[in-house]
Amino acid sequence: MFRQTLTKIPSRGVSSRAFSTTIRAMAAGDTGAPPKTGGQGDAFQRRERANEDYAIRQREKEKLLELRRKINEQQDHLKKLSDHIDELTREQGGEHN
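One point on numbering: in numbering that gives the first Met the number 0, the residue at position 71 of the sequence shown is 70, and numbering is uninterrupted.
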């Protein structure tokens, strides 16, 4: 008897597909959150933005350190040149104060 109740399918306007899913159309990179120009966005967008900002800050920091190193090298070179000029002027008898 139990077997008969399971095999009977009601025929009252029920479609043959009782369970169906819909496919959500999304563009590449779309996370379903507001656009980046708008509000906060979803957690993925915030994390991605934070990672990008961190990477940019790291590159800028490296560039600044390199520029400081070059400035120090140039200042050392200028100091050596200035000392050399002073030495040459003393040897030639200039600046007898």
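We put the CB at the ideal spot given by N, CA and C, even for glycine.
Helix, strand or coil at glutamine 91 according to DSSP, with G and I counted as helix: coil
Using three-state DSSP, classify aspartate 41 as helix, strand or coil. coil
Cα-Cα separation, glutamine 91 to leucine 64: 41 Å
Alpha-carbon spacing of asparagine 96 relative to aspartate 52, whole angstroms: Annotation note: pLDDT 44 at asparagine 96 (below 50); position unreliable, coordinate value reported separately. Rounded to whole angstroms, asparagine 96 to aspartate 52 spans 59 Å at the Cα level.
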